[in-house]
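Numbering (the working numbering), first residue to last: 1 to 339.
1) Which of helix, strand or coil does DSSP assign to residue 247?
2) Kindly indicate which three-state DSSP category residue 52 falls into: helix, strand or coil?
3) How about the region 296 to 311 and the region 28 to 35: do they share at least three Cβ pairs that are nearer than 8 Å?
4) Any chance the region 228 to 248 sits against the region 196 to 207, with 3 or more Cβ pairs inside 8 Å?
5) Among 274, 153, 77, which has the Cα closest to the Cα of residue 146?
6) Under 6 Å Cβ to Cβ from residue 222, same chain only, skipping five residues before and after it: list those, please.
7) Throw me the rounded Cβ distance for the residue 319 and residue 217 pair, which I believe falls under 8 Å.
8) Which residue's Cα is closest to the Cα of residue 61: 189, 70, 275, 153?
9) Among residues of its own chain, excluding the 5 on either side of residue 260, which ones have a beta-carbon nearer than 7 Å to its beta-carbon?
10) Short of 7 Å in beta carbon distance, which residues of its chain neighbour residue 315, apart from the five on each side in sequence? Order them along the chain.
11) DSSP state of residue 108, grouped into three classes?
12) If I measure Cβ to Cβ from residue 143 and keep anything under 6 Å in the same chain, skipping five residues before and after, which residues do I get?
13) Determine the extent of the alpha helix (DSSP H) in which residue 197 is found, giving its start and end residues.
14) Do you know offhand how far residue 95's Cα is from residue 140's?
15) I'd like to check one pair, residue 174 with residue 277: are the Cβ atoms closer than 8 Å?
16) Buried or exposed: where does residue 286 fall if 16 or more other Cβ atoms within 10 Å of its Cβ makes it buried?
17) Three or more C-beta pairs under 8 Å: does that hold for the region 124 to 141 against the region 224 to 240?
18) Could you pull the DSSP bridge partners for residue 16 from this structure?
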């Protein structure tokens, strides 16, 4: 199958490139295949492959019972890749995921949330079909998450109305200094007035999957109004909770609540870190089909545009709200606009 061929081509590439930039190829090709664009996958890789770096070498094997110290140490990325390769050869992938999901979940900000996003794409592919290439890709995603593991400031007791995710995202306070990268911005959350209350008030009602879907949809729609401030980074306010949502069917039921809380915290953190102070003036949106929206993202070639359109279309498939498709099309335009 095309996805397995693509993952095989990417098997020796590292999770990052040029320092902190994430390798988006496995995530983007999974989305392309998911939306019927398998014929574009190998050409897309051809255009992206030269940007990638080789898999980093390990320093020392990580023993099964000594995993806490190297957690969050990017220097040990190669060791984490070897660790999860070994774990997935020894146990079924669902068992490995169930063991490590609660360990990694508190560090959901890992790699600007790309750790959990990569795992979410891998799990979605595995739920469709289990192959050696997809199992190996799950290991790569888990390893990246472990190596860049980064906790957020702890939540408090919510004071904001928890029923409306769109209102909850609008109530998220902005970090005061938005001049630096994501690590500096997330570090400001601990002292941000209102942050504990914001993350403590998880929005939505009903079962965890329904609440996650509502958070994803709210983040998509918010990008339409605020994405101009940082089009690429604000994508992750959508794609991080979408990744958690995709992973829930493969996880034990008791992890649904903690997963919802972490997903909301991640979406709120990205919103706090990158939202501009005022929304973009409302403009007319073209009415487009899901196929047209995804074609626009595919033609752009941009991995973030592809992944955002993927998440927006998933949300649209549940709600049929055309504003979700309009937001995805607008996001592609913003992301690919000349600077």
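Each residue gets a CB set at the ideal place from its N, CA and C atoms; glycine is no exception.
Treat the numbers as computed from the prediction; the structure is a model and nothing was measured.
Working from what's here:
1) As a first step, residue 247 must be located in the chain shown, where it is residue number 247. Looking at residue 247 - three-state DSSP - the assignment turns out to be helix.
2) Residue 52 sits at position 52 when you count from the first residue of the chain shown. Coil.
3) yes
4) no
5) Residue numbering aside, residue 146 sits at position 146 when the chain shown is read from its first letter. The option with the nearest alpha carbon to residue 146 is 77.
6) One-based indexing of the chain shown puts residue 222 at position 222. Only 169 meet the Cβ criterion.
7) As a working mapping, residue 319 is identified with position 319 in the chain shown. As a working mapping, residue 217 is identified with position 217 in the chain shown. The C-beta distance from residue 319 to residue 217 rounds to 6 Å, short enough to fall under 8 Å.
8) Counting from one through the chain shown, the residue named residue 61 turns up at place 61. Among 189, 70, 275, 153, the Cα nearest to that of residue 61 belongs to 70.
9) If you number the chain shown from 1, residue 260 lands on position 260. Hits under 7 Å: 202, 208, 211, 212.
10) Position 315 of the chain shown holds residue 315. Contacts found: 213, 216, 217, 220, 324.
11) The residue you call residue 108 lines up with position 108 of the chain shown. Annotated three-state conformation of residue 108 is strand, per DSSP.
12) Mapped onto the chain shown, residue 143 falls at position 143. Hits under 6 Å: 80, 81, 84.
13) Translated into positions along the chain shown, residue 197 becomes position 197. Its alpha helix (DSSP H) spans residues 195 to 200.
14) The residue given as residue 95 occupies position 95 in the chain shown. The residue given as residue 140 occupies position 140 in the chain shown. In a straight line, the C-alpha of residue 95 is about 16 Å away from that of residue 140.
15) The residue labelled residue 277 in the question sits at position 277 within the chain shown. The residue labelled residue 174 in the question sits at position 174 within the chain shown. Yes, the pair counts as a contact, with Cβ atoms nearer than the cut-off.
16) Locating residue 286 in the chain shown gives position 286, where the first residue counts as 1. It is exposed - the Cβ of residue 286 has fewer than 16 other Cβ atoms within 10 Å.
17) No, the region 124 to 141 is not in contact with the region 224 to 240.
18) For the purposes of this step, residue 16 is identified with residue 16 of the chain shown, where counting begins at 1. For residue 16, which the question treats as bridged, DSSP gives the partners 22.
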